[in-house]
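See structure below.
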Amino acid sequence: MKKFFPRKKKILLIGVIIFVILFCTCFSNLSINSYKYNKPVGHEESTEEFLKFPDGFLWGAATASYQVEGGNKYSSWWEFEQEKGRIKNGDRTDVCVDHYNLYEEDFDLLKEMELNSYRFSLEWGRIEPEKGVFDDTEIVHYKNVLQALKERNITPMVTLWHHSIPTWFAEEGGWENKDSIKYFSAYVQYVAENLGDDTELWLTMNEPTAYISSGYLMGKWPPGEADIKKVPVLQKNLVKAHKVAFEIIHKYDSDAEVGIAEYSSYVVSDSNKNVIENIVAYSIDKSWTHYFVSRVKDELDYIGVHYYYRQKIRLGLLGDLISKDAEDFEETGLDREYYPRGLYEVLMRFDKYDLPIYITEIGVQDYHEVSRDVFIKEHAKEVYYAIQNGVDVRGFHYWALLDSFEWSEGYDAKFGLIAVDLDTLERTIKDESWEYAEIAKCNCVSTGN
224 MKKFFPRKKK
234 ILLIGVIIFV
244 ILFCTCFSNL
254 SINSYKYNKP
264 VGHEESTEEF
274 LKFPDGFLWG
284 AATASYQVEG
294 GNKYSSWWEF
304 EQEKGRIKNG
314 DRTDVCVDHY
324 NLYEEDFDLL
334 KEMELNSYRF
344 SLEWGRIEPE
354 KGVFDDTEIV
364 HYKNVLQALK
374 ERNITPMVTL
384 WHHSIPTWFA
394 EEGGWENKDS
404 IKYFSAYVQY
414 VAENLGDDTE
424 LWLTMNEPTA
434 YISSGYLMGK
444 WPPGEADIKK
454 VPVLQKNLVK
464 AHKVAFEIIH
474 KYDSDAEVGI
484 AEYSSYVVSD
494 SNKNVIENIV
504 AYSIDKSWTH
514 YFVSRVKDEL
524 DYIGVHYYYR
534 QKIRLGLLGD
544 LISKDAEDFE
554 ETGLDREYYP
564 RGLYEVLMRF
574 DKYDLPIYIT
584 EIGVQDYHEV
594 SRDVFIKEHA
604 KEVYYAIQNG
614 VDVRGFHYWA
624 LLDSFEWSEG
634 YDAKFGLIAV
644 DLDTLERTIK
654 DESWEYAEIA
664 KCNCVSTGN
């Protein structure tokens, strides 16, 4: 009769058990939320009426071309939104909020709010509607956009790719195709040749992890798939694409600052006493949040950080992997938890790369448990504390300048500093946005309520 475990299998099993024990022992003292919260002065103890930010700090707002321009018919998103059930309420971007034509009016409002920076994206499908065919009229349009910002002393931050890809590129397989790097490089070179003198701050891409998870794991975005096997290829090609874009931009503008913007929730174990939860939280943070930055850190001049909420990891036979406590859970929209301290913690984690950091997105939806003025003020305080603890944070870009098309959520999710009437396209600065204007004007945040 055969032994249940042959000798080699016994040795292997013992080895695995020892590894697990050692691994858990190593992580038993690791709390993914154990980064010490070293505020230089606590809120309650502060004797300062205002917390002053460094000179030259950028206070801005952000948009993405597809979400505000309208008429981007050469994008894969355009076809995707025509499919029934893809977008909430069947919303479309035919006109959207018409930022394409009304950008100067929008910049006047941005200036009225005392903001000194604007992050926006170029629409790849507009610029290159067919493979290898570039539309000079569209690059002139974006050149005019940059000139309008310059005339108002507003610092631009330009994103080369923000989720939407040209239809022809999607038909070629998108980022799954090994030639995607070649295609992206041609686009970046054309843009750098024409706009390299008009801006210093560049982002090669926006939230590559969100693009992969939403389009290839959850199927909520184009191409609407759920195929985990494609993830490694997508990650590999996107890493290569960033590196090539970094080199191209610096070729045309040696003084340019080139970064990548990444989705950066505060991933934390629900209980420091649960070793497995700590391991899972640590693994998610390292292998997902920091995946791209860690692989392109030598091809970065700065890091763009998006922060919206805390993700608490709770493991058990019942319940979700991502937990929320009903008693103290305050929502900021799209089921996101209000947790300002998480921004401080995220900034401290990214500080290990020893690179400047810009907050490239942070925002709250209308009509939720936290008002926009309180949301901005409390998160601005956390940025101040991170700076006081040595993190080189250089800017804060609120999402979004305008109420806009929030991808699969359509127009229901209103994050804008400025309200837009979709029928008349009339713009109105929201009352809660004036707190941000005060912060930007004095380059400081009040410690009072």
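Numbered per the numbering used here, the sequence shown spans residues 224 to 672.
Ideal placement from N, C-alpha and C gives every residue a C-beta, glycine not left out.
In the DSSP assignment, Tyr525 forms a beta bridge with Gly482. One Cα belongs to Pro579, the other to Glu480, and the distance between them is close to 10 Å. Around the beta-carbon of Val318, fewer than 16 other beta-carbon atoms lie within 10 Å, marking it exposed. Around the CB of Val368, 16 or more other CB atoms lie within 10 Å, so the residue is classed as buried. Going by beta carbons, Val668 and Ala603 fall inside the 8 Å limit. Here Gly613 is exposed, its C-beta having fewer than 16 other C-beta atoms within 10 Å.
For the 8 Å CB-CB criterion, Phe515 and Pro455 do not form a contact. Classified as exposed, Ile451 has fewer than 16 neighbouring CB atoms from the shown chains inside 10 Å of its CB. Rounded to whole angstroms, the Cβ separation of Asn339 and Trp282 is 6 Å, and the two are in contact under 8 Å.
The beta-carbon distance between Ala609 and Val616, rounded to whole angstroms, is 6 Å. This is short enough to meet the 8 Å contact definition. The region 622-640 makes contact with the region 304-316: 3 or more CB pairs, one atom from each, lie closer than 8 Å.
Counting only unbroken stretches of 4 or more residues, the alpha helix (DSSP H) elements lying wholly within the region 355-402 are 359-374, 390-394, in sequence order. A contact is defined here as three or more CB-CB pairs under 8 Å, and the region 553-561 meets this definition with respect to the region 585-599.
With fewer than 16 other Cβ atoms inside 10 Å of its own Cβ, Pro277 counts as exposed.
Around the CB of Asp329, 16 or more other CB atoms lie within 10 Å, so the residue is classed as buried. In terms of CA proximity to Glu335, Lys653 leads the group Thr512, Lys653, Thr670.
Annotation for Tyr434: His386 place their beta carbon closer than 6 Å to its own, counting only its chain and skipping 5 residues before and after. Beta bridge pairing from DSSP links Ser340 with Gly283, Thr378. Residue environment analysis places Gly565 among the buried positions, since at least 16 neighbouring C-beta atoms fall within 10 angstroms of its C-beta. Per the DSSP secondary-structure output, Ile310 pairs with nothing in a beta bridge. Between the region 389-402 and the region 484-499 there are fewer than three inter-stretch CB-CB distances shorter than 8 Å, so the stretches are not counted as touching.
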